[in-house]
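Student: The number in our numbering is simply the position in the sequence shown, starting from 1, with 9 added.
Ideal Cβ positions, reconstructed from N, Cα and C, are used throughout, including at glycine.
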Amino acid sequence: MSFDSDGKGFVESEKPKETFEDVAGLEEVKKKIRLNFILPLQQPELFKAYGREAGGSLLLFGPPGCGKTFLARAVAGEIDASFVHIELQAILSMWSGQSENNLHDIFEKARENKPCIIFIDELDAMGGSRNQMRQHHDRMLVNQLLLELDGIREQNEQVFVIGATNTPWYLDSALRRPGRFNHLVFVPPPEETERETILKLKLEGKPVHSLELARIARETKHFSGADLEQIVKDAVEAAMERMLNSGNLEPITQDDLKRAAKSRKATTLEWFSTAKNYATFSDANQDYRIVLDYMKATGLKL
Ligand code: ATP
10 MSFDSDGKGF
20 VESEKPKETF
30 EDVAGLEEVK
40 KKIRLNFILP
50 LQQPELFKAY
60 GREAGGSLLL
70 FGPPGCGKTF
80 LARAVAGEID
90 ASFVHIELQA
100 ILSMWSGQSE
110 NNLHDIFEKA
120 RENKPCIIFI
130 DELDAMGGSR
140 NQMRQHHDRM
150 LVNQLLLELD
160 GIREQNEQVF
170 VIGATNTPWY
180 LDSALRRPGR
190 FNHLVFVPPP
200 EETERETILK
210 LKLEGKPVHS
220 LELARIARET
230 KHFSGADLEQ
240 IVKDAVEAAM
250 ERMLNSGNLE
260 PITQDDLKRA
270 AKSRKATTLE
280 WFSTAKNYAT
290 FSDANQDYRI
300 VLDYMKATGL
310 KL
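(1) Within the present structure, is the beta-carbon of C75 separated from the nearest heavy atom of the ligand ATP by less than 6 Å?
(2) Could you tell me which of V170, G86 and I88 sits nearest to A119, measuring between CA atoms?
(3) Per DSSP, what kind of secondary structure is H113 in: helix, strand or coil?
(4) Is the beta carbon of Y287 sitting closer than 7 Å to the one on Y297?
(5) Report yes if the C-beta of F70 is less than 6 Å from at least one heavy atom of the ligand ATP; otherwise report no.
(6) Alpha carbon to alpha carbon, how far is F92 from G76?
(7) For the alpha helix (DSSP H) that contains L301, what are its first and last residues?
(8) Let me confirm a value: F290 is counted as buried when at least 16 other C-beta atoms fall within 10 Å, else exposed. Which label applies?
(9) Since I207 contacts A33 with CB under 8 Å, what's their CB separation in whole angstroms?
(10) CA-CA distance, E238 and R148?
(11) I need the boundaries of the alpha helix (DSSP H) containing F79, first residue and last residue.
(12) Measure from the alpha carbon of G188 to the alpha carbon of each residue in I95, N122, W178 and N45, then state which is nearest.
(13) Using only the alpha-carbon positions, how far apart do E117 and K123 sit?
(14) Name the two residues that bound the continuous alpha helix (DSSP H) containing F56.
(15) Which ranges would you report for the beta strand (DSSP E) in the region 179-257 if only whole runs of at least 3 residues count?
(16) Is F79 near the ligand ATP - that is, is its Cβ less than 6 Å away from at least one heavy atom of it?
(17) Suppose contacts are defined by Cβ-Cβ distances below 7 Å. Is N29 in contact with E96 by that definition?
(18) Drop a sphere of 10 angstroms on the beta-carbon of E205, count the other beta-carbons inside from all chains shown, and report buried for 16 or more, exposed for fewer.
(19) Can you find the residues in the same chain that come closer than 6 Å, C-beta to C-beta, to D130, ignoring five residues on each side of it along the sequence?
(20) Check G160 in the structure and name its three-state DSSP category.
(21) If I measure Cβ to Cβ from L184 and keep anything under 6 Å in the same chain, skipping five residues before and after, which residues do I get?
(22) Would you give the residue range spanned by the alpha helix (DSSP H) that V38 belongs to?
(23) Given the structure, does G188 come close to the ligand ATP, in the sense that its CB is under 6 Å from one of the ligand's heavy atoms?
(24) Helix, strand or coil for S282 per DSSP?
(25) Beta carbon of V32: closer than 6 Å to some heavy atom of the ligand ATP?
(26) Between the Cα of W178 and the Cα atoms of R268, D292 and R227, which residue gives the shortest distance?
(27) Starting from the C-beta of G137, find all residues in its chain whose C-beta is less than 7 Å away, skip the five residues before and the five after it, and write them out in chain order.
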């Protein structure tokens, strides 16, 4: 199934093969998603007894590159659901003026292909512009999204909506009301053992020479999954440069990884600095308390 519009084809549905097993760590997050999303779908009778039904929405937030998209795909893989990835920025800019209709079409098609997960990336793209015209369109799109979310809640259609944002504090408050994106889930950077697993995953199948990934994991505190991916890319490039010089297949060495790690900084730090401000000074509902707790537990001082 494909939700092409005007032949541009950037809203497509697929069946992801990844499952939770491919997502390193994030055990608390997985547990929350299992309880709220996956089990109700697999054992609806059991959950009905508690007045709960399958379907609903969830908002993932956290620093960039820490696996929100990856996780959302894995949820689809877990329940063998179709997965539609919506990039709001693209909808807004390419379908200006008729973006609400297109959003509705996407939800309609998802209903026809249930179970389905609609993943809305960059939720913060809505309402971010100061331009009057843009604001008007944004407002219409937010309204349409509210309608769709409410529709899902009422009709229990096994359509799940997972939103993702790096800046939940900018989100239109109407989107955060009960039954909409009121379920906030913090996706933190990977812990040491998770970093080791991610490095291992990213190096899989590549030529390597006696690596001690635990060491690199130890030296990359607060690095995101995407940062680690970049380190592996840098190390691969160093090995390939040697290959060009020697003409032989040169393995990736511990030194390549170490150098790459040293030359990069954790991109999550800037995010934590902003999040800390919101959590400290404008968090009436204590939504971001979890961020402060996380910073305390991991000794992250900014
Ligand atoms: P953004 O906020 O920039 O959209 P994101 O939080 O959606 O980022 P992803 O795109 O899901 O992050 O992750 C970035 C990369 O890091 C992916 O290629 C993914 O493979 C890897 N990655 C992140 N976290 C994990 C994890 N826990 N296990 C395995 N890989 C991970």
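Tutor: The relevant details are as follows:
(1) yes
(2) V170
(3) helix
(4) yes
(5) no
(6) 16 Å
(7) R298 to A306
(8) exposed
(9) 5 Å
(10) 36 Å
(11) K77 to E87
(12) N45
(13) 10 Å
(14) P53 to K57
(15) 193-195
(16) yes
(17) Per the sequence presented here, residue 29 reads as Phe, with Asn not at that position. The answer is no: Cβ separation not under 7 Å.
(18) buried
(19) E96 and A173
(20) helix
(21) F190
(22) E36 to I42
(23) no
(24) helix
(25) yes
(26) D292
(27) Because G137 carries a pLDDT of 46, less than 50, the predicted location of this residue cannot be relied on, and the following value inherits that uncertainty. Excluding residues within five positions, the ones whose Cβ falls inside 7 Å are Y179.
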